[in-house]
Amino acid sequence: MQVRLNTIVAAAVVMFGASAYAQDMVVKIGSVAPTSGGIAHLGKDNENGARMAIDELNAKGTTIGGKKVKFELVAEDDAGDPKQGTAVAQKLVDSKVNGVIGHLNSGTSIPASKIYSDAGIPQISPSATNPKFTRQGYKTTFRVVADDVHLGGTLGRYAVKELKGKSIAVIDDRTAYGQGVAEEFSKAVKASGGAIAATQFTTDKATDFTAILTSIKAAKPDVVFFGGMDAVAGPMIRQMKQLGITAKFMGGDGICSGALPELSAGAMADGQVVCAEAGGVEGTQKAGMDEFYKKYKAKFGIDVQVYSPYVYDALNVMVAAMVKAGSADPKVYLPVLAKTDGYKGVTGTISFDEKGDVKNGALTLYTYKAGKRDQIAVVR
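With the first letter of the sequence shown counted as 1, position 99 gets the number 83 in this note's numbering; the numbers rise by one all the way through.
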């Protein structure tokens, strides 16, 4: 009799446990980045940042509206291609995700944003900096980094005022990001009293820059600015050295990665490269970012590239809005997300303005020494 009673009790415990698990609310969050192609290392970094946030939220037993939540990451690859980006966006909408963190590139984030807007699904990009992204009038569109007006403008002023650039050449890869940041850089150079001595274009798939660099060399540049990503910047720096161009090399967050020294095959001189990452922390806040870097390395066995801390913050900001709203339903938590004010993240304090842009966005200027990124300053 006792044996049978024990069996019944054990069965009841199993059934109750299964029932409790079944009652957990499942919240699906999409993560989109190019995890294939030339900047797959950056895309994987983004995905890792999202996975880290998801794992921590599940481990601490987050509740929304009194229900325990099981978060699921729906990771998709857009290959940095606008067409694939929109296809992936529609796939996530059809999967009924509760929100999306992404995309990485402006060129994929912008066309995808209409699809998310039409479906009423909040989208936070951790890295798209083209101003157009948040200026389309969509209520579902947010970003946690400063835009190209700030990014390119800061670098343009720095080129003239700090680097004393007299002959400045500009190259861009014709993508929404590369062209946008190069245009803002050029505007700021001219506004600061400088001049653009040469302008050239390439693509985000190019590997041979001999022709455009030979043309630029004739202008005897002391600064070369590149609007594009590190997979193109690395070989470009290598070919500049081969042609005897010793100019400072500048770029935005797209080139400001831990992989750049390797991609340039050791061709970078100490202090030659100056780049800016959208975001930045100082003083007591820096401890939080340093801790993130350590946890990331321990979890994945590799160093942070660029954007994973911003992905981590973006996902946590989205979930914080769900918790505050008491619902993971996009139409319920979206108004709360839009009013995010003073969220303390590892990348700094996050508040959104009426367009969905981060308020008072910081930038961090970096150079490279002995093959490692070296912080110059945090500017706002």
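Note that CB positions come from ideal geometry on N, CA and C, so glycine has one too.
Inter-residue spacing [alpha-carbon to alpha-carbon] between residue i and residue j
{"i": "TYR294", "j": "LYS150", "result": "35 Å"}
{"i": "GLY310", "j": "GLY86", "result": "24 Å"}
{"i": "ASP102", "j": "GLY121", "result": "12 Å"}
{"i": "ILE99", "j": "GLY250", "result": "42 Å"}
{"i": "LYS339", "j": "THR159", "result": "23 Å"}
{"i": "ASP325", "j": "ASN344", "result": "12 Å"}
{"i": "ARG357", "j": "LEU244", "result": "9 Å"}
{"i": "GLY104", "j": "ASP78", "result": "12 Å"}
{"i": "ILE286", "j": "PHE185", "result": "33 Å"}
{"i": "ALA312", "j": "ASN82", "result": "6 Å"}
{"i": "ALA153", "j": "ALA181", "result": "6 Å"}
{"i": "ASP61", "j": "ILE229", "result": "37 Å"}
{"i": "MET224", "j": "ARG364", "result": "31 Å"}
{"i": "LYS80", "j": "ASP188", "result": "32 Å"}
{"i": "PHE284", "j": "LYS204", "result": "44 Å"}
{"i": "ILE239", "j": "GLU167", "result": "16 Å"}
{"i": "ASP65", "j": "GLN74", "result": "14 Å"}
{"i": "LYS353", "j": "ILE221", "result": "15 Å"}
{"i": "ALA346", "j": "THR194", "result": "35 Å"}
{"i": "LYS278", "j": "LYS44", "result": "20 Å"}
{"i": "MET302", "j": "PRO115", "result": "21 Å"}
{"i": "ASP192", "j": "PRO219", "result": "8 Å"}
{"i": "VAL330", "j": "THR268", "result": "11 Å"}
{"i": "GLN163", "j": "LYS52", "result": "45 Å"}
{"i": "ALA17", "j": "ALA322", "result": "23 Å"}
{"i": "ASN42", "j": "PRO106", "result": "21 Å"}
{"i": "VAL178", "j": "ALA190", "result": "This sequence places Gly at residue 178; Val is not what is there. Cα to Cα, the separation comes out at about 29 Å."}
{"i": "ALA305", "j": "ALA217", "result": "38 Å"}
{"i": "ASP8", "j": "THR70", "result": "31 Å"}
Own chain, CB closer than 8 Å to residue i, minus 5 neighbours either side, in chain order
{"i": "PHE117", "result": "SER90, SER93, ILE94, SER97, SER109, THR125, ARG127, ASP131"}
{"i": "THR403", "result": "In the structure as shown, the chain begins at -15 and stops at 364. Residue 403 is therefore absent and cannot be evaluated."}
{"i": "SER335", "result": "THR324, ASP325, GLY326, TYR327, VAL342, LYS343, ASN344"}
{"i": "ILE200", "result": "ALA153, ILE155, ALA182, GLN184, VAL208, ILE229"}
{"i": "VAL58", "result": "LYS12, ILE13, GLY14, SER15, LEU76, SER79, VAL81"}
Residue-chain proximity (residue i, chain B), Cβ-Cβ < 9 Å
{"i": "LYS44", "result": "In the structure shown, chain B does not exist; there is a single protein chain."}
Residue i - DSSP class collapsed to helix/strand/coil
{"i": "ALA175", "result": "helix"}
{"i": "GLY33", "result": "helix"}
{"i": "ILE38", "result": "helix"}
{"i": "TYR317", "result": "helix"}
{"i": "ALA243", "result": "coil"}
{"i": "LYS353", "result": "strand"}
{"i": "TYR327", "result": "strand"}
{"i": "ILE286", "result": "coil"}
{"i": "ILE334", "result": "strand"}
{"i": "LYS67", "result": "helix"}
{"i": "MET9", "result": "strand"}
{"i": "VAL16", "result": "strand"}
{"i": "ILE360", "result": "strand"}
{"i": "LYS54", "result": "strand"}
{"i": "PRO232", "result": "Reading the sequence as shown, one finds Lys at residue 232 and not Pro. DSSP places LYS232 in strand when its eight states are reduced to three."}
{"i": "LEU26", "result": "helix"}
{"i": "ALA305", "result": "helix"}
{"i": "VAL265", "result": "coil"}
{"i": "ALA251", "result": "coil"}
{"i": "ASP274", "result": "helix"}
{"i": "ALA59", "result": "strand"}
{"i": "LEU227", "result": "coil"}
{"i": "ALA260", "result": "strand"}
Neighbourhood of residue i by C-beta, 7 Å cutoff - its chain only, sequence neighbours within 5 removed
{"i": "VAL165", "result": "THR113, ASP132, LEU135, GLY136, GLY211, GLY236"}
{"i": "VAL10", "result": "LYS54, GLU56"}
{"i": "SER176", "result": "GLY140, ARG141, VAL144, LYS145"}
{"i": "ALA215", "result": "GLY22, ILE23, LEU247"}
{"i": "GLN289", "result": "HIS25, LEU26, ASP29, SER241, GLY242, ALA243"}
{"i": "ASP206", "result": "GLY149, LYS150, SER151, ALA231, LYS232"}
{"i": "ALA37", "result": "TYR296, LEU299, ASN300"}
{"i": "GLY355", "result": "PRO245"}
Neighbourhood of residue i by C-beta distance below 6 Å, restricted to the same chain and skipping five residues each side
{"i": "VAL307", "result": "ILE48"}
{"i": "LEU349", "result": "ALA260, ILE360, ALA361"}
{"i": "ALA298", "result": "ILE85, ILE108, PRO110, VAL128"}
{"i": "VAL208", "result": "ALA153, ALA231, PHE233"}
{"i": "ALA172", "result": "GLY137, GLY140, ARG141"}
{"i": "SER170", "result": "VAL154, ILE180"}
{"i": "VAL265", "result": "MET273, GLY332"}
{"i": "GLY255", "result": "THR351"}
Proximity test, residue i beta-carbon vs the ligand ATP heavy atom, cut-off 8 Å
{"i": "SER15", "result": "Of the ligands one can find in the structure shown there are none, so the ligand ATP has no counterpart to examine."}
- [ ] Just list the beta strand (DSSP E) runs in the stretch 73 to 141, keeping only unbroken ones of 3 residues or longer that don't cross its boundaries, in chain order.
- [x] 83 to 85, 107 to 109, 125 to 127
Open item on the list: Counting beta carbon pairs with one atom in the stretch 311 to 318 and one in the stretch 244 to 261, are three or more of them shorter than 8 Å?
Closed with: no
Task: Segments of 3+ residues assigned as beta strand (DSSP E) that fall wholly inside the stretch 146 to 215 - done: 152 to 156, 180 to 185, 207 to 211
Task: contact_flag[the stretch 139 to 157, the stretch 267 to 279] where n(CB pairs < 8 Å) is 3 or more - done: no
TODO: Answer yes if the stretch 289 to 305 comes into contact with the stretch 28 to 45, meaning at least three C-beta pairs across the two stretches below 8 Å, and no otherwise.
DONE: yes
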